[in-house]
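Last residue of the sequence shown: 306 (UniProt numbering), numbering continuous. The structure appears right after this line, and notes come after that.
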Amino acid sequence: MENFPQYQTPGDYANQPADIFEEVKLIVRLAFPKFDFQEVKRAYLDIERLFQGDYPGYRSCNTGYHDLAHTQACLLEVAKLVHGSYLHGEGLSERGVALGLISAIMHDTGYIQTSDDMSGTGGKYTLIHIDRSIQFMRGYMTAKGYPGEEIKFCENCLKCTGLQVKMAEIPFLSAENELMGKILGTADLLGQMSDPHYLGKLPELFREFKEAGIQDYASEWEFLQKTPQFWEFTQKRFVNELGNVVRFLKAHFKARWGVDRDLDQEAIQRNIDYLQYVLKNYPTNYHSYLQSDNLLPIYTQISTPC
Numbered sequence: 001m002e003n004f005p006q007y008q009t010p011g012d013y014a015n016q017p018a019d020i021f022e023e024v025k026l027i028v029r030l031a032f033p034k035f036d037f038q039e040v041k042r043a044y045l046d047i048e049r050l051f052q053g054d055y056p057g058y059r060s061c062n063t064g065y066h067d068l069a070h071t072q073a074c075l076l077e078v079a080k081l082v083h084g085s086y087l088h089g090e091g092l093s094e095r096g097v098a099l100g101l102i103s104a105i106m107h108d109t110g111y112i113q114t115s116d117d118m119s120g121t122g123g124k125y126t127l128i129h130i131d132r133s134i135q136f137m138r139g140y141m142t143a144k145g146y147p148g149e150e151i152k153f154c155e156n157c158l159k160c161t162g163l164q165v166k167m168a169e170i171p172f173l174s175a176e177n178e179l180m181g182k183i184l185g186t187a188d189l190l191g192q193m194s195d196p197h198y199l200g201k202l203p204e205l206f207r208e209f210k211e212a213g214i215q216d217y218a219s220e221w222e223f224l225q226k227t228p229q230f231w232e233f234t235q236k237r238f239v240n241e242l243g244n245v246v247r248f249l250k251a252h253f254k255a256r257w258g259v260d261r262d263l264d265q266e267a268i269q270r271n272i273d274y275l276q277y278v279l280k281n282y283p284t285n286y287h288s289y290l291q292s293d294n295l296l297p298i299y300t301q302i303s304t305p306c
């Protein structure tokens, strides 16, 4: 398995949240050199405060899977796909990109509980978190003076993150709105599944599902065993519903890192291969092998030459 010393995955930024925003800025400015990040940064800092418990009227984030790091990873993936779309000549506008980035920043605010909601965790809102995120975003953007059309643009983008949503049912305002929505829907999945911390966070995701009353899995073990099937579902969704915008990644990686490959989907496949290896070989103590600090020794055993 090759090493790319300069390339950093979303997980590499976990303890350096300022760096991930700088990378987002760098990537977007490869497409739009004069892009003004003032309002995007304002939203980013506000949502950072929200997740950390410093936003009036809200508790801090208490969902171990849908945390601030996931929102940051999603934002980074949106930037990559925007850059890749530019290289493919898709013609996104700076305004559309700004609204898309803000949508990414807002997309999981629905997991945050209000100050008077002391029951359980935000995981209980899993099935309605998109509606709650839209509600929060609508209030935030209205207070900041955004016009109704731009708020609707962002609402449509957030709807694209629903796993069962049909794009044909979303009333997009324009072709650009549709493209940005598909970029966000794709980025949401890429950001979490390509993260080197993904496997270690899966038990947290199962707990969120359980609290929300989702009964698709009898146990955490069954949930983990079915995760490879979810990746198969995701790959089909990329193509069948999300416009195959994932294809933009190769152009991004070639321009940004000089690598003519889709490193994110490769990272996801390694995560899935590794998970299957662990479940097969360590069925009684798999938890310890899902933590990122324990991945590399086994990765070297199962990785095939690139």
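No residue lacks a Cβ here, since even glycine has one placed at the ideal position from N, Cα and C.
Could you name the residues of the same chain whose beta carbon sits closer than 6 Å to that of residue i, not counting the 5 residues immediately before and after it, in chain order?
| i | result |
| --- | --- |
| residue 70 | 192 |
| residue 84 | 248, 249, 251 and 252 |
| residue 268 | 193 and 194 |
| residue 243 | 182 |
| residue 67 | 61 |
| residue 291 | 200 |
| residue 217 | 223 |
Work out the CA separation of residue j and residue i for me, nearest whole Å.
| i | j | result |
| --- | --- | --- |
| residue 266 | residue 245 | 16 Å |
| residue 286 | residue 226 | 15 Å |
| residue 178 | residue 281 | 44 Å |
| residue 121 | residue 113 | 7 Å |
| residue 91 | residue 65 | 34 Å |
| residue 14 | residue 166 | In this predicted model, residue 14 has a pLDDT of only 44, less than 50, meaning its place in the structure is not dependable enough to derive any value. |
| residue 127 | residue 212 | 7 Å |
| residue 260 | residue 87 | 13 Å |
| residue 119 | residue 62 | 12 Å |
| residue 215 | residue 209 | 8 Å |
| residue 25 | residue 283 | 43 Å |
| residue 288 | residue 141 | 43 Å |
| residue 4 | residue 143 | Because the pLDDT of residue 4 is 38, which lies under 50, any placement of that residue in the model is unreliable, and the question is left without a value. |
| residue 34 | residue 82 | 15 Å |
| residue 38 | residue 139 | 20 Å |
| residue 29 | residue 49 | 25 Å |
| residue 96 | residue 27 | 16 Å |
| residue 228 | residue 235 | 11 Å |
| residue 145 | residue 162 | 27 Å |
| residue 233 | residue 43 | 32 Å |
With a threshold of 7 Å on Cβ separation, who are the neighbours of residue i within its own chain once the five nearest residues in sequence on each side are excluded?
| i | result |
| --- | --- |
| residue 198 | 192 and 271 |
| residue 302 | For residue 302, the predicted model reports a pLDDT of 48, less than 50, meaning its position is unreliable; a value from the coordinates is still stated below. The residues are 273, 274 and 277. |
| residue 108 | 66, 70, 71, 129 and 133 |
| residue 57 | 114 and 115 |
| residue 76 | 10, 20, 23, 24 and 191 |
| residue 187 | 74, 77, 78, 81 and 104 |
| residue 40 | 98, 101 and 102 |
For residue i, which residues does DSSP report across the bridge?
| i | result |
| --- | --- |
| residue 58 | 114 |
Output needed for residue i: all residues of its chain with C-beta closer than 8 Å, excluding positions within five of it in sequence on either side, in chain order.
| i | result |
| --- | --- |
| residue 51 | 60, 61, 67, 68, 71 and 112 |
| residue 159 | 130, 134, 165, 170 and 181 |
Q) Three or more beta-carbon pairs under 8 Å between the stretch 187–205 and the stretch 223–240, yes or no? A) yes
Q) Are the stretch 175–189 and the stretch 93–110 touching by the rule of at least three beta carbon pairs closer than 8 Å? A) yes
Q: May I ask you to verify whether the stretch 169–178 touches the stretch 149–156, counting CB pairs closer than 8 Å and requiring at least 3?
A: yes
Q: List in chain order: all unbroken alpha helix (DSSP H) runs of 4+ residues lying wholly within the stretch 188–231.
A: 198–211 and 220–225
Q) Hey, which unbroken runs of the beta strand (DSSP E) at 3 residues or more fall wholly within the stretch 86–115? A) none
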